[in-house]
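J.: Shown below is the structure under consideration.
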Amino acid sequence: MSLLTENQVKMAFEYACKLDVFSIKPGNVFLDHPAYGMTHKDFLQSSMACSDIICEQNIDIGEKILESVKASIDVVGCNTNLGIILLCSPIVEAIYLDNEHKLQQNNLKKVIDRIDLKQTKTIYKAINLANAGGMGLKDKFDLNAKKSSDFTLSEAMNFASSYDYIANEYTNYFNNIINTISLNWRNYFKLMGNAECATTATFLKLISSNPDSLIARKYGLDTAIEVSGKFKALSDEYCELKNPNIINNKLLLLDSELKIQGLNPGTTADVVVASIFINRLGL
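This is the structure we're talking about:
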């Protein structure tokens with residue numbers, strides 16, 4: 059079996075990002091349902107702008123993340139994909155670390171644990187550039203405290219892991235993404251035979267049981283928990299159907315409700331993109 063090429067990795071990344079915005083995900087930006095000053099085209103353009111950088115071999119991971127954020131913002135003028143970049147960059151690095159270009163969780167652990175002080179500082183620049191609201195990092199790990207040379211990214215993510223989903227995935231070396239969420243997408247695809255429906259189902263399943271970090275950061279954990287509760291019955295119904303498109307009207311009603319309130323479950327969407335990326339790579 060031949061090794062995955064950079065171009066194959068790039069195509070898988072762009073596919074995951076495209077599927078993200080062509081699938082109904084209440085509260086998020088998707089096809090013909092813009093919000094928060096953004097359209098689905100902004101997400102497509104930013105993913106294409108950074109895909110070469112993310113999927114390039116032999117580039118420092120800190121620079122990879124920073125340059126990907128810069129390229130995305132240069133094209134669309136705002137942050138559309140920081141979470142996706144933070145999640146997919148280590149996955150790519152772990153693939154290239156393997157002699158057979160397969161995703162091994164122990165290689166992902168090596169990639170994350172090896173992020174040093176200098177790389178941490180570079181990644182912090184990327185997060186600040188994206189104006190991510192600090193990702194919830196506080197005290198000595200505050201992004202605006204200019205102290206990122208004093209600790210590694212692993213230390214910062216460990217600190218934030220109790221309230222930020224992406225940080226938690228870094229801490230457990232993407233255990234949920236690899237062993238649960240990616241498998242969910244695969245199983246829904248087998249049931250439904252439709253990649254967009256599988257994406258919607260994976261999104262619904264995740265947010266119905268895990269309050270979204272972006273909503274929690276902006277509006278508080280109680281609000282994030284309340285939003286998750288709105289998804290529970292809908293998720294249970296949708297995820298059991300072979301043709302779940304018959305209840306799309308219910309999804310769109312919830313979408314309108316969330317967007318009116320400015321409640322964007324963006325972290326959930328980013329995590330789903332990473333799971334699709336892994337599936338598309340055949341890993």
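Numbering (the working numbering), first residue to last: 59 to 341.
Even for Gly, the Cβ is constructed at its ideal location relative to N, Cα and C.
The structure presented is a predicted model; accordingly, all values stated were derived computationally and were not measured.
Just the Cα atoms here: how many angstroms apart are glutamate 64 and alanine 70?
T.: About 10 Å.
J.: Tell me which residues share the same chain as proline 84 and place their Cβ nearer than 7 Å to its Cβ, disregarding the 5 neighbours each side in the sequence.
T.: The answer, listed in chain order, is Leu309, Leu312, Asp313, Leu316.
J.: For alanine 74, which residues from the same chain have a beta carbon less than 7 Å from its beta carbon, with the 5 sequence-adjacent residues on both sides left out?
T.: Val331, Ile334, Phe335, Arg338, listed in sequence order.
J.: Quick check on this structure: which residue in Phe80, Ile143, Asn234 has the alpha carbon closest to the alpha carbon of cysteine 108?
T.: Residue Ile143 is the option with its Cα nearest to cysteine 108.
J.: Return the first residue and the last residue of the alpha helix (DSSP H) that glutamate 72 is part of.
T.: Note, glutamate 72: alpha helix (DSSP H), 64-80.
J.: Tell me the DSSP bridge mates of methionine 215?
T.: Paired residue(s): none; methionine 215 is not in a bridge.
J.: Tell me the DSSP bridge mates of histidine 91?
T.: In DSSP, histidine 91 forms a bridge with Phe88.
J.: Using C-beta distances below 8 Å, list every residue in its chain close to isoleucine 173, excluding the 5 sequence neighbours before and after it, in chain order.
T.: Once the five neighbours on either side are set aside, the close Cβ partners of isoleucine 173 are Ile119, Gly120, Ile181, Thr210, Leu211, Ser212.
J.: Can you list, in chain order, the residues of its chain with a C-beta nearer than 6 Å to that of proline 302? Leave out the 5 residues immediately preceding and following it.
T.: Cβ within range, chain order: Cys255, Tyr296.
J.: Excluding five sequence neighbours on each side, which residues of the same chain lie with their C-beta closer than 7 Å to the C-beta of leucine 272?
T.: For leucine 272, where only same-chain residues beyond five positions count, the Cβ hits under 7 Å are Asn322, Pro323, Gly324, Thr325.
J.: So, for serine 147: in the same chain, excluding its five sequence neighbours on each side, which residues have a beta-carbon less than 8 Å away from its beta-carbon?
T.: Excluding sequence neighbours, serine 147 sits near Ile112, Ile119, Lys122, Ile123, Ser126.
J.: With distance defined between alpha-carbon atoms, name the residue in Leu145, Gln115, Glu227, Asn186 nearest to leucine 155.
T.: Minimum Cα distance to leucine 155 is reached at Gln115.
J.: If you scan the region 274-337 from start to end, which runs of the alpha helix (DSSP H) of 4 or more residues do you find wholly inside it?
T.: As far as the region 274-337 is concerned, its whole alpha helix (DSSP H) runs of at least 4 residues are 279-296, 306-318.
J.: Here's a check: name, in chain order, each residue in its chain whose Cβ is nearer than 7 Å to the Cβ of leucine 262, leaving out the five neighbours to either side.
T.: Same-chain partners within the cutoff: Phe289, Leu292, Ser293, Tyr296, Cys297.
J.: For the ligand GDP, I want to know if lysine 168 counts as a neighbour, meaning its beta carbon is within less than 7 Å of at least one of the ligand's heavy atoms.
T.: This structure lacks the ligand GDP; in fact it carries no ligand of any kind.
J.: If you draw a straight line from the alpha carbon of leucine 249 to that of threonine 260, how long is it in whole angstroms?
T.: Rounded to the nearest angstrom, the two C-alpha atoms are 12 Å apart.
J.: Measure the alpha-carbon distance for asparagine 242 versus glutamine 162 and round it to whole angstroms.
T.: Roughly 19 Å separates the two Cα atoms.
J.: Please list, in chain order, all residues of the same chain as valine 67 whose beta carbon is under 8 Å from its beta carbon, the five residues on each side excluded.
T.: The residues are Cys113, Val150, Ile153, Leu339.
J.: Can you grab the Cα-Cα spacing for the pair alanine 188 / leucine 299, in whole Å?
T.: Approximately 38 Å between the Cα atoms of the pair.
J.: In the DSSP output, which residue or residues are listed as bridge partners for methionine 96?
T.: For methionine 96, which the question treats as bridged, DSSP gives the partners Ala93.
J.: Roughly how many whole angstroms lie between the Cα atoms of aspartate 132 and asparagine 86?
T.: Straight-line Cα distance between these residues: approximately 22 Å.
J.: Could you spell out the range, first to last residue, of the alpha helix (DSSP H) harbouring aspartate 171?
T.: Start and end: 163-171.
J.: For leucine 264 and isoleucine 239, I'd like the C-alpha separation in whole angstroms.
T.: Roughly 8 Å between the two C-alpha positions.
J.: Which residue's Cα is closest to the Cα of phenylalanine 232: Asn164, Ser81, Ala282?
T.: It is Asn164 whose Cα lies nearest to the Cα of phenylalanine 232.
J.: Verify whether the separation of the beta carbon atoms of isoleucine 216 and glutamate 227 is less than 8 Å.
T.: The residue you asked about is not isoleucine; residue 216 is asparagine in the sequence shown. Going by C-beta atoms, asparagine 216 is not nearer than 8 Å to glutamate 227.
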